[in-house]
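Engineer: Sharing a structure with you now.
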Amino acid sequence: MDDKKTCLYDKHIALGAKMSPFGGFIMPIEYTSIVDEHQAVRHHCGIFDVSHMGEVLVSGEEAEKYVNHIFTNDVTGAPDGKIFYGMMLYPNGGTVDDLLVYKKNINEFFLVINAANIDKDYDWMQQHVAGFNIKLENQSEEYGEVAVQGPEAETLIEKLMGLKIADLEFYTFKETEYQGEKVLVSRTGYTGEDGFELYGSHEFVNKAWDVLVGSGEVTPCGLGCRDTLRFEVALPLYGHELSADITPIEAGLGMFVKTEKPEFIGRDMILRQKMEGISKKVVGIELTDRAIPRNGYEVEADGAVIGTVTTGYHTISNDRSVCMALIDSKYAKLGTPVQIRIRKKLFDGTVVKKRFYEKNYKK
Amino acid sequence: MSKIIEGLYYSDSHEFVKVEGNVAFVGITDYAQQQLGNIVYVDMPDVDDEVVKDEEFGAVESVKAASDLISPVSGKVVEVNEALNDNPELVNEDAFGNWIIKVELSDKAELDELMDAAAYEKACE
Numbered sequence: 049m050d051d052k053k054t055c056l057y058d059k060h061i062a063l064g065a066k067m068s069p070f071g072g073f074i075m076p077i078e079y080t081s082i083v084d085e086h087q088a089v090r091h092h093c094g095i096f097d098v099s100h101m102g103e104v105l106v107s108g109e110e111a112e113k114y115v116n117h118i119f120t121n122d123v124t125g126a127p128d129g130k131i132f133y134g135m136m137l138y139p140n141g142g143t144v145d146d147l148l149v150y151k152k153n154i155n156e157f158f159l160v161i162n163a164a165n166i167d168k169d170y171d172w173m174q175q176h177v178a179g180f181n182i183k184l185e186n187q188s189e190e191y192g193e194v195a196v197q198g199p200e201a202e203t204l205i206e207k208l209m210g211l212k213i214a215d216l217e218f219y220t221f222k223e224t225e226y227q228g229e230k231v232l233v234s235r236t237g238y239t240g241e242d243g244f245e246l247y248g249s250h251e252f253v254n255k256a257w258d259v260l261v262g263s264g265e266v267t268p269c270g271l272g273c274r275d276t277l278r279f280e281v282a283l284p285l286y287g288h289e290l291s292a293d294i295t296p297i298e299a300g301l302g303m304f305v306k307t308e309k310p311e312f313i314g315r316d317m318i319l320r321q322k323m324e325g326i327s328k329k330v331v332g333i334e335l336t337d338r339a340i341p342r343n344g345y346e347v348e349a350d351g352a353v354i355g356t357v358t359t360g361y362h363t364i365s366n367d368r369s370v371c372m373a374l375i376d377s378k379y380a381k382l383g384t385p386v387q388i389r390i391r392k393k394l395f396d397g398t399v400v401k402k403r404f405y406e407k408n409y410k411k
Numbered sequence: 003m004s005k006i007i008e009g010l011y012y013s014d015s016h017e018f019v020k021v022e023g024n025v026a027f028v029g030i031t032d033y034a035q036q037q038l039g040n041i042v043y044v045d046m047p048d049v050d051d052e053v054v055k056d057e058e059f060g061a062v063e064s065v066k067a068a069s070d071l072i073s074p075v076s077g078k079v080v081e082v083n084e085a086l087n088d089n090p091e092l093v094n095e096d097a098f099g100n101w102i103i104k105v106e107l108s109d110k111a112e113l114d115e116l117m118d119a120a121a122y123e124k125a126c127e
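Just so you know, the sequences run in chain order A and B. Under the numbering used here, think of the first position of the first sequence as 49, with each following residue one higher. Under the numbering used here, think of the first position of the second sequence as 3, with each following residue one higher.
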């Protein structure tokens, strides 16, 4: 199947971006340099085309009840305009996807899912509709999305687009208009910096891109630095730190799984893992030498393989050779010595906190 | 546009060889560094290691990925470019000026199997 193009495809080509397939789409990986784009987001402001993300609207009288059934976080009684991060789970606790849930009102919830999982997720949602008085709409084709991230994001969006967003709290959103186009704007992101995500029609997304990038003050950023940014602050990427074989407890994301809720898919297994413990866990590992542990490399201890690297980099923000890895939980304690096999050699490392760089959210 | 220098030998896997007497300076081409993007680590062999033509002798790592270095020649490593340990980005700044290893050639006839500048330019198109 051919990779799909987002509504900003022509802009990426015009900017000379290196393009590569990701999640069924042909996406910009970098425009000039991953390092420069990464630093723009950490210190100024960058914009990402994230129109590949999927959007599903759940509407109807039992929308809240349905979302609580398929989603690990608890949306009960939340105020309109509130956003939740969490997962959809299989009955065995493995992860279908991680997602954001936007509560528009008691009858409408807007779900934002990973590009590579759109078809799988929508099928999963449909399979669990029976018995709920709700309607599901896959709106992924209609919506485009840009993420505007970095310490200057708030000021620049207000100045260049005239949107009033300073009053938005972390993980809340509002619906407004820009030049006659509807826009949903939230204080969310995937970089560890303050920032916003703007959803709207393809026309809106093109207008927003033009005014922000055209100003020269907002740096176009590709998925290359999106990954280095999210990695440094230990945000998981589905397919790496979360998957059908990795539960949120194993991924260290238990705070987004509300077992106090009486019921949701996967709850029994999660309760069991919370009570009995887990056999594998996602940890951080730092290497002594300047070598780079990559996805799939083996982690060893006591002469045996104890796990594999899920994501690893030499960090751009603070010059550390680090990775997240899924390993035997016997070795998960901070300070435990482990080794990683890189090509033919074994490199010494230590289990460390997996947040390699501090988040800088505006809360 | 990437730079190609006359008088050097080139391999399919984008290494260059500059020959001085019986010694070869081996590095990656400007085209290769452009394709890789920001280079953050160069994994080099030790001095006195033997390298074998068409076999891996190390790796160049960009932010995103590791890519193997394939030796275009056979012989003994007589020097590695220590400057790359602390400043791997030198390869981005000047790929041809920052060779990776120096090899004492064991079979100069192997050079005949490599491309010249004109052939390499075609291969990069």
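The beta-carbon is built from N, C-alpha and C at its ideal position, and this holds for glycine as well. For clarity, every value in this text was computed on a predicted model and none was experimentally measured.
Using DSSP bridges, identify the partner residues of A/T54.
Structural biologist: The partner list for A/T54 (beta bridge, DSSP) is empty, contrary to what the question assumes.
Engineer: Can you have a look at B/D14 and say buried or exposed, based on whether 16 or more other CB atoms are within 10 angstroms of its CB?
Structural biologist: Exposed, by the Cβ-count rule.
Engineer: Return the chain-ordered ranges of every alpha helix (DSSP H) run that is complete within the region 265 to 312 of chain A and spans a minimum of 4 residues.
Structural biologist: Fully enclosed alpha helix (DSSP H) runs of 4 or longer: 271 to 280.
Engineer: Give me the residue from A/G72, A/I364, A/R320, A/L63 with the minimum Cα distance to A/D167.
Structural biologist: Of the listed residues, the one whose Cα sits closest to A/D167 is A/G72.
Engineer: Is there contact between the region 350 to 364 of chain A and the region 276 to 285 of chain A, where contact requires at least three CB pairs shorter than 8 Å?
Structural biologist: Yes, the region 350 to 364 of chain A is in contact with the region 276 to 285 of chain A.
Engineer: In terms of residue numbering, what span does the beta strand (DSSP E) encompassing B/E58 cover?
Structural biologist: Note, B/E58: beta strand (DSSP E), 58 to 64.
Engineer: Can you check whether the CB of A/A201 is closer than 8 Å to the CB of A/C449?
Structural biologist: Lying outside 49 to 411, the shown extent of chain A, residue 449 of chain A is not represented and no answer is given.
Engineer: Look up A/N116 in the DSSP assignment and say whether it is helix, strand or coil.
Structural biologist: Residue state, collapsed to three classes: helix.
Engineer: Less than 7 Å between C-beta atoms, sequence neighbours within five positions excluded: which residues of the same chain meet that for B/S76?
Structural biologist: If we look at B/S76 and ignore the five residues flanking it on each side, its Cβ neighbours are V53, V54, K55, S108, D109, E112.
Engineer: Taking the beta carbon of A/S188 as the centre, do at least 16 other beta carbons fall within 10 Å, making it buried, or is it exposed?
Structural biologist: Buried: at least 16 other Cβ atoms inside 10 Å.
Engineer: With a threshold of 8 Å between beta-carbons, can A/T276 be considered close to chain B, or not?
Structural biologist: Judged by the 8 Å Cβ criterion, A/T276 is in contact with chain B.
Engineer: Could you work out which residue in A/V83, A/K53, A/A65, A/Y57 is closest to A/D275 when comparing CA atoms only?
Structural biologist: Measuring from the Cα of A/D275, the nearest candidate turns out to be A/V83.
Engineer: Within 10 angstroms of its Cβ, does A/I61 collect 16 or more other Cβ (buried), or is it exposed?
Structural biologist: When all chains shown are included, A/I61 counts as exposed.
Engineer: Once you ignore the five residues that flank B/N24 on each side, which residues in its own chain have a CB closer than 8 Å to its CB?
Structural biologist: Here the set comprises E106, L107, K110.
Engineer: Anything in the region 17 to 44 of chain B with a Cβ closer than 8 Å to a Cβ of chain A? List those residues in chain order, please.
Structural biologist: Taking 8 Å as the Cβ-Cβ cut-off against chain A, the residues of the region 17 to 44 of chain B that qualify are G39, N40, V42, Y43.
Engineer: Quick one, which of A/M135, A/V330, A/L260 has its alpha-carbon nearest A/M209's?
Structural biologist: Nearest C-alpha to A/M209: A/L260.
Engineer: Which residues mark the beginning and the end of the alpha helix (DSSP H) in which B/A26 is found?
Structural biologist: Here B/A26 belongs to no alpha helix (DSSP H); instead the beta strand (DSSP E) covers 25 to 30.
Engineer: Where do the N-terminal and C-terminal ends of the alpha helix (DSSP H) with A/F252 fall, by residue?
Structural biologist: First-last of the alpha helix (DSSP H) with A/F252: 250 to 262.
Engineer: Does the beta carbon of A/A352 come closer than 8 Å to any beta carbon on chain B?
Structural biologist: Chain B contact via Cβ: absent.
Engineer: Measure how close the beta-carbons of A/V149 and A/G125 come, nearest whole angstrom, since I'm counting them as under 8 Å.
Structural biologist: Not confirmed; about 14 Å, so no contact.
Engineer: Starting from B/K66, find everything on chain D with Cβ-Cβ shorter than 9 Å and list it in chain order.
Structural biologist: Included in the structure are the protein chains A and B, with no chain D among them.
Engineer: Pair every Cβ in the region 60 to 67 of chain B with every Cβ in the region 37 to 44 of chain B, then say whether three or more of these pairs are closer than 8 Å.
Structural biologist: Verdict: yes, contact present.
Engineer: What are the residues that DSSP puts in a beta bridge with A/F218?
Structural biologist: In the DSSP output, where bridge partners are listed per residue, A/F218 has none listed.
Engineer: May I ask you to list the residues that DSSP assigns as paired with A/M135?
Structural biologist: Answer is A/D146, bridged to A/M135.
Engineer: To the nearest angstrom, how far is it from the Cα of A/N343 to the Cα of A/H288?
Structural biologist: So the two alpha carbons sit approximately 8 Å from each other.
Engineer: Give me, in chain order, the residues of the same chain whose beta-carbon lies closer than 8 Å to that of A/C55; leave out the 5 immediate sequence neighbours on both sides.
Structural biologist: Closer than 8 Å at Cβ, skipping near neighbours: S99, G192, H250, V253, N254.
Engineer: Just how far apart, CA to CA, sit A/N186 and A/S107?
Structural biologist: Their Cα atoms are separated by approximately 12 Å.
Engineer: Could you check what DSSP says for A/H362 in three-state terms: helix, strand or coil?
Structural biologist: In the structure shown, A/H362 sits in a strand (DSSP, three-state: E or B).
Engineer: Mind listing which residues of the region 367 to 392 of chain A have their C-beta closer than 7 Å to chain B's C-betas, in chain order?
Structural biologist: Listed by position along the chain: R391.
Engineer: When burial is assigned at 16 or more other CB atoms within 10 Å of the CB, is A/T236 buried or exposed?
Structural biologist: With 16 or more other Cβ atoms within 10 Å, it is buried.
Engineer: Just to confirm, are A/T295 and A/I318 a CB contact at a threshold of 8 Å?
Structural biologist: It is a contact, given that the beta carbons lie within the stated cut-off.
Engineer: Closest to A/L184 by C-alpha separation, out of A/V123, A/V115, A/D376, A/K378, would be which residue?
Structural biologist: The option with the nearest alpha carbon to A/L184 is A/V115.
Engineer: Please list the partners that B/P63 has in chain A, where partner means a Cβ-to-Cβ separation under 9 Å.
Structural biologist: Rather than Pro, the amino acid found at residue 63 of chain B in this sequence is Glu. Ordered by position in chain A, the residues that pass the 9 Å Cβ test against B/E63 are A339, I340, R342, H362.
Engineer: List the DSSP bridge partners of A/N186.
Structural biologist: Paired residue(s): A/V104.
Engineer: Do the CB positions of A/Y238 and A/A195 come within less than 8 Å of each other?
Structural biologist: Yes, the Cβ-Cβ distance between A/Y238 and A/A195 is below 8 Å.
Engineer: If you follow the alpha helix (DSSP H) that B/E95 is in, where does it begin and where does it stop?
Structural biologist: B/E95 -> alpha helix (DSSP H) spans 92 to 95.
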